[in-house]
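Colleague: Pasting in a structure now, in structure tokens, and then I'll have a few things to ask.
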Amino acid sequence: MTVAMIFSPLARRSLLAAAVAVSFASAAQAERLIRIVVPFGAGATQDTVARTFSNELGQALGATVVVENRAGAGGSVGTSQVAKAAPDGNTLVLAAASHNLASHLYAKLPYDAQKDFVGVSFLGRTGYVVGVPASSGISSLAALLQRAKAQPGQFNYASAGNGSASHLASALLAAQSGVQLQHIPMKSTGDATTELLAGRVQLVTGATIGMLAFQHDPRIKLLAYSGQQRSRFLPDVPTVAEAGVPGYAFDSWLGLLAPAGTPAAEVERINAAVRKVLAEPVVQERLARVGVEAGTLPVPAFQQLLKDDWVAAGQIVKAAGGRIE
């Protein structure tokens, strides 16, 4: 007697139905889609970082992770979309310093940087590098500031857009050094760098991620690093403070945020997956290649970092000249 003959037709149909149900459940789980929204264009800090670990994160979560660029309005377009998304852990934003800076820069935003988001995972930090066209003949930050003071209003700088960290880094430099620089907002860091390469702008304070590629490029001269200490990725480049603007310091955290109301268990699950992925040597190497000091934090510690950074962002915006609208 075969196994099939032991079961009645009804029992066999029940077993078949159960098998189909399990198959559909497995397929549904495998088809889970998680979006990491980058609120800036291709080549921006968040975009580069998101793409260094998205595949590994998908594997760790048993899902497909896709990176979507939603640029516009200094990052507020993409960030607003995430704020309004379902709080189910399937939509995240890869945020940075500009997230809190924007809430102090703009009188009105379509979201509350603190209340509409929950911190999911800290990813690391990166700094910014002051660069000028090599054709300008400027070889030091002191020389740049001297020339800008001699020609007030004649020097300009490009950034990734109003409210972006690259905007505030340059604005803070101008305010603390007492020079007048005209701001030219672009759609992304890549666009700003293109303008610098073409000689259409005199200055870009770009994230280390983008500027590392030009440390040996004869077309761009890297003058200074924005952090409190020299970057281990650019040890020969002095800090802005060393180069002539005492007290200047500006860097950016990087992290994943989810819509407020996302279940704590889901937040912890993604945080654990990110920490596992960032512990992988291959991912650490990718981040190091783009100038990111990778790191992780438990959820409560990252939440506190966001609160402290919001206060610090207000002080930076005030020092840089206050709201821009």
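Throughout the sequence shown, residue numbering follows my numbering, covering -7 to 317 in sequence. Positions of the beta carbon are idealized from the N, C-alpha and C atoms, including for glycine.
1. Classify Q296: buried if its beta carbon has 16 or more other beta carbons within 10 angstroms, exposed otherwise.
2. Go through the segment 144 to 230 residue by residue and report every complete run of the alpha helix (DSSP H) that reaches 4 residues or more, in order.
3. Measure the C-alpha to C-alpha separation of A250 and G116 and round it to an integer number of angstroms.
4. What are the partner residues of W245, as DSSP defines its beta bridges?
5. Is A88 helix, strand or coil by DSSP?
6. Report the residue from L188, G153, L165 whose alpha carbon sits nearest the alpha carbon of S180.
7. Can you list the beta strand (DSSP E) stretches of 3 or more residues lying completely in the segment 56 to 82, in chain order?
8. By Cβ distance, which residues of its chain are closer than 7 Å to A55, with the 5 residues on each side in sequence left out?
9. For the candidate residues D39, T40, A88, whose alpha-carbon lies nearest to that of D301?
10. K76: buried (16+ other C-beta within 10 angstroms of its C-beta) or exposed?
11. Could you check the C-alpha separation between V58 and T254 for me, to the nearest Å?
12. Could you tell me if Q73 is buried or exposed, where buried requires 16 or more neighbouring beta carbons within 10 angstroms of its beta carbon?
13. Rank A150, R62, T118 by C-alpha distance to the C-alpha of A280 and give the top, closest one.
14. Output needed for L173: all residues of its chain with C-beta closer than 6 Å, excluding positions within five of it in sequence on either side, in chain order.
15. Determine whether the beta carbon atoms of S131 and L226 lie at a separation below 9 Å.
16. Classify A42: buried if its beta carbon has 16 or more other beta carbons within 10 angstroms, exposed otherwise.
17. By alpha-carbon positions, which one of G191, V30, Q168 ends up nearest to G129?
18. Using 9 Å as the threshold, is the C-beta distance between A63 and Y120 below it?
19. Answer yes or no: do G81 and P31 have a C-beta to C-beta separation smaller than 9 Å?
20. Helix, strand or coil for R24? Go by DSSP, reduced to three states.
21. By the DSSP assignment, the alpha helix (DSSP H) with V291 in it spans what residues?
22. Alpha carbon to alpha carbon, how far is V291 from V309?
23. In terms of DSSP beta bridges, what is E361 paired with?
24. Could you pull out every residue in the same chain whose Cβ sits closer than 6 Å to the Cβ of G306, ignoring the five residues on either side in sequence?
25. Would you say G123 and A94 are within 9 Å of each other, going by their C-beta atoms?
26. Near F282, which residues of its chain fall below 6 Å by C-beta distance, leaving aside the five closest residues on each side in sequence?
27. Using beta-carbon positions only, say whether P210 and L133 come within less than 9 Å of one another.
28. Could you tell me the distance, in whole angstroms, from the CA atom of T44 to the CA atom of A52?
29. According to DSSP, is V259 part of a helix, a strand, or is it coil?
30. Please state whether the Cβ-Cβ distance between G33 and D183 is less than 9 Å.
31. Going straight from the alpha carbon of P238 to that of Q168, what length do you get?
32. Which value, in whole angstroms, describes the spacing of the CA atoms of A78 and H91?
33. Using the beta-carbon count (16 or more within 10 Å), is F114 buried or exposed?
34. With DSSP as the reference, please indicate the residues paired to P251 in a beta bridge.
Modeller: Short version:
1. On the sequence shown, position 304 is the one that residue 296 refers to. By the 10 Å Cβ count, Q296 comes out exposed.
2. 157 to 169, 181 to 189, 200 to 203
3. Your numbering for residue 250 matches position 258 in the sequence shown. Your numbering for residue 116 matches position 124 in the sequence shown. When rounded, the distance between both Cα atoms is 17 Å.
4. On the sequence shown, residue 245 is found 253 positions in, with the first residue counted as 1. Paired residues: R117.
5. Your numbering for residue 88 matches position 96 in the sequence shown. A88: strand per DSSP, three-state reduction.
6. The residue labelled residue 180 in the question sits at position 188 within the sequence shown. Ranking the options by Cα distance to S180, first place goes to G153.
7. 56 to 61
8. One-based indexing of the sequence shown puts residue 55 at position 63. Around A55: R24, L25, I26.
9. Your numbering for residue 301 matches position 309 in the sequence shown. Taking only the C-alpha atoms, the option nearest D301 is A88.
10. The residue given as residue 76 occupies position 84 in the sequence shown. So K76 ends up on the exposed side.
11. In the sequence shown, counting from the first residue as 1, residue 58 sits at position 66. In the sequence shown, counting from the first residue as 1, residue 254 sits at position 262. Looking at the two C-alpha atoms, the distance is approximately 19 Å.
12. Here residue 73 refers to the residue found at position 81 when the sequence shown is read from its first residue. Q73 should be labelled buried.
13. Taking the sequence shown and counting its residues from 1, one reaches residue 280 at position 288. Minimum Cα distance to A280 is reached at T118.
14. Sequence index remark: in the sequence shown, residue 173 carries index 181 (1-based). Within the same chain, L173 has close Cβ partners F147, Y149, A166.
15. Counting from 1 along the sequence shown, the entry for residue 131 is found at position 139. Counting from 1 along the sequence shown, the entry for residue 226 is found at position 234. No, they are not a contact pair.
16. Counted from its first residue, the sequence shown places residue 42 at position 50. Looking at its Cβ environment, which holds 16 or more other Cβ atoms inside 10 Å, A42 is buried.
17. Numbered from 1 along the sequence shown, position 137 holds the residue referred to as residue 129. Ranking G191, V30, Q168 by Cα distance to G129 puts G191 first.
18. Reading the sequence shown from its first residue, position 71 is the one you call residue 63. Reading the sequence shown from its first residue, position 128 is the one you call residue 120. In this structure, Y120 does not lie closer than 9 Å to A63 by Cβ.
19. In the sequence shown, residue 81 corresponds to position 89, counting from 1. In the sequence shown, residue 31 corresponds to position 39, counting from 1. Cβ atoms of G81 and P31: not closer than 9 Å.
20. To locate residue 24, count along the sequence shown from 1; it is residue 32. Three-state DSSP puts R24 in coil, outside helix and strand.
21. Here residue 291 corresponds to residue number 299 of the sequence shown, with the count starting at 1. V291 -> alpha helix (DSSP H) spans 291 to 311.
22. Within the sequence shown, the letter at position 299 stands for residue 291. Within the sequence shown, the letter at position 317 stands for residue 309. Taking the straight line from one Cα to the other gives about 27 Å.
23. The requested residue 361 does not occur in the structure, where the chain is confined to residues -7 to 317.
24. One-based indexing of the sequence shown puts residue 306 at position 314. Excluding positions up to five away in sequence, the list reads H96.
25. In the sequence shown, the residue the question calls residue 123 occupies position 131. In the sequence shown, the residue the question calls residue 94 occupies position 102. Contact: no.
26. Numbered from 1 along the sequence shown, position 290 holds the residue referred to as residue 282. A small correction: the amino acid at residue 282 is Val; Phe does not occupy that position in the sequence shown. Excluding residues within five positions, the ones whose Cβ falls inside 6 Å are T40, I201.
27. Mapped onto the sequence shown, residue 210 falls at position 218. Mapped onto the sequence shown, residue 133 falls at position 141. It is not a contact, given that the beta carbons lie outside the stated cut-off.
28. What you label residue 44 is simply residue 52 of the sequence shown in a count that begins at 1. What you label residue 52 is simply residue 60 of the sequence shown in a count that begins at 1. Approximately 14 Å, taken between the alpha carbons.
29. Position 267 of the sequence shown, counted from the start, is the residue given in the question as residue 259. It is helical.
30. Looking up residue 33 in the sequence shown gives position 41. Looking up residue 183 in the sequence shown gives position 191. Yes; because the gap between Cβ atoms is below 9 Å, this pair is in contact.
31. As a first step, residue 238 must be located in the sequence shown, where it is residue number 246. As a first step, residue 168 must be located in the sequence shown, where it is residue number 176. Answer to the nearest angstrom: the Cα atoms are 9 Å apart.
32. On the sequence shown, position 86 is the one that residue 78 refers to. On the sequence shown, position 99 is the one that residue 91 refers to. Their Cα atoms are separated by approximately 20 Å.
33. For the purposes of this step, residue 114 is identified with residue 122 of the sequence shown, where counting begins at 1. F114 should be labelled buried.
34. In the sequence shown, the residue the question calls residue 251 occupies position 259. P251 is bridged to F109.
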